Structure formats: structure tokens, C-alpha cells
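Written below as C-alpha cells is the structure these notes are about.
Shown next, in the form of C-alpha cells:
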């Protein structure tokens, strides 16, 4: 998928038509992914670009600081480098204002389309515990499957606390353990018991099943949605 640099607004030639072409080419690729129900990374990428442009519009001084500097003077004796901004004239700033007014609604529309697809896929997904829920929920397992496929992907998860500048948040890390074929004998309960026997550091693990009744792209859609559903479940249960 084509990517759009974080600093695409101020990089290179600042011209409304040129930036418009860049944005439309990017959005065309995004919608191509959405047409195939592939949500990630395009949806997260759209959110980042949309928030970035909103922040720039709210704080116009950040537009000026985003432009690169050019070397104006070098003094060997004083060991000093003097720089000046490459952009000063109002015409360029007017171009940027026009680009912002054009780009933000376009990104918002694409975001809404992605959110509709996300909600559609999520409506076919369900999360449920396998066995009793233990008191300790920060580590455990999650099974992900898409019937009628009998294939179950098993992951181990770990919930961690992230300390950010203004607030604390939860982050979910998962790693693949194995992919198994479920049968009448090899039930979810049996698979969970097998994990307990093999990984003795989790003698009573929290275990969840995320199941989708329709098939969607696994890596680009089901997997990230399953992670968000699991994270929401774990945080809600705290």
C-alpha cells in the first residue's frame, strides 16, 4: 500500500494542486484496501494523518516550525551555525491553509468509511471466556477462529501498563503459540488444558475465544479487531 509521509504537508514543493494529487493518490490506495475489507494499517494511518492536520490547523505556528531550515552562515571561529527558515512569504502559508481546508474533510470522509467497515466486521465477531475467569487476568491466552474453518489460532497475551506524559493507558502484547485443528475430541477446554500442562508458569490462565461468523482478511482485519475486543474485555473486567 502507498504510504503518506507524516510531514507530507510541508515536505517538498508546497503547491495546492501537487499536494491534492498526493492526497488523492493515497486515499485511492486506502479505499482499495477497504474494498477488500483490509482495515490495518490503512485505518490507523488515516487516524494519525487526520489528527496531525487538525493539530496543525489549531496551532498555525507549528506549520512554520515544520519547515526545514537552510544554512545561512557558518562561522568557524565562533563555532556557530546560523539557520533561516526556507519559507517566509504569505503566499506559501496561504497554500497550506488551502491544503488543510481541502485535506481534512477528505480524510474525515475516508475515516468514516473505514469506521463503517470496522463496525460491520465487529458485528460478526464475538468474544467469550473459555472456562472460569481467574482473579489474575493480565496474562493468558486468546483463541481466534473463523468458522466454518476448523483452524484455531492460539496466542498468548500480556496486558501491560503504559505511563504516558498526561495519563496511564493499557497496552496489549500477544504472540502466536500454535495453530490447531479443532475436532470433537480436541475441544477448546482440551486445548486450554494442553497449554496449562506445557506452560506451567500460568497454572490457571485466563482464556478467551474470539470467533467471527464470516471470513475476513485475518492479518489486516480479524487480528487487530480481536486484539481491540480482548483489550476492551480485560480493561472492563478490572
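Residue numbers (this note's numbering): 45 to 282.
C-beta: ideal position from N, C-alpha, C; glycine also.
Quantities reported herein were computed from a predicted structural model and do not represent experimental measurements.
Discussion item. Measuring straight from C-alpha to C-alpha, what distance separates residue 220 and residue 231?
Written reply: In a straight line, the C-alpha of residue 220 is about 19 Å away from that of residue 231.
Worksheet entry | First through last residue of the alpha helix (DSSP H) which encompasses residue 61 | Boundaries of the alpha helix (DSSP H) harbouring residue 61: 60 to 79, taken from the DSSP string.
Worksheet item: Roughly how many whole angstroms lie between the Cα atoms of residue 254 and residue 242?
Response: Those two C-alpha atoms are separated by around 22 Å.
Item to complete: Could you pull the start and end residues of the beta strand (DSSP E) that residue 171 belongs to?
Response: Segment 169 to 173, the beta strand (DSSP E) holding residue 171.
Worksheet item: In the structure shown, what three-state DSSP assignment does residue 166 receive?
Response: Under the three-state reduction of DSSP output, residue 166 falls in the helix class.
Fill in: Proximity to residue 158 [Cα-Cα], best of 147, 235 and 80
For residue 158, the closest alpha carbon among the candidates 147, 235 and 80 is that of 80.
Item to complete: Count the other CB atoms, across all protein chains shown, that sit within 10 Å of the CB of residue 237; report buried if there are 16 or more and exposed otherwise.
Response: That one is exposed.
Fill in: Meets three-Cβ-pair contact criterion under 8 Å: the stretch 243 to 263 and the stretch 180 to 188
Touching, yes, given that three or more Cβ pairs across the two stretches are closer than 8 Å.
Discussion item. Could you give the first and the last residue of the continuous beta strand (DSSP E) run that contains residue 253?
Written reply: Taken as a continuous stretch (DSSP letters only), the beta strand (DSSP E) holding residue 253 covers 250 to 256.
Item to complete: Leaving out five residues on either side along the sequence, give the residues of the same chain with a beta carbon under 6 Å from the beta carbon of residue 53.
Response: The beta carbon of residue 53 lies closer than 6 Å to none in the same chain, with the five residues before and after it left out.
Worksheet item: Under three-state DSSP, which class holds residue 84?
Response: DSSP, read as helix, strand or coil, puts residue 84 in coil.
Discussion item. So the candidates are 199, 84 and 59; which of them puts its Cα closest to the Cα of residue 141?
Written reply: Checking every option, the nearest Cα to that of residue 141 belongs to 59.
Worksheet item: Taking one C-beta from the stretch 71 to 79 and one from the stretch 91 to 104 each time, how about it: are there three or more such pairs within less than 8 Å?
Response: No, because fewer than three Cβ pairs between the stretch 71 to 79 and the stretch 91 to 104 fall closer than 8 Å, the two stretches do not touch.
Worksheet item: Apart from the five residues just before and just after residue 216, which ones in its own chain have a Cβ nearer than 7 Å to its Cβ?
Response: Sequence-distant partners of residue 216 (beyond 5 residues in either direction) whose C-beta falls short of 7 Å from its own C-beta, in its chain, are 201, 203, 271, 274 and 275.
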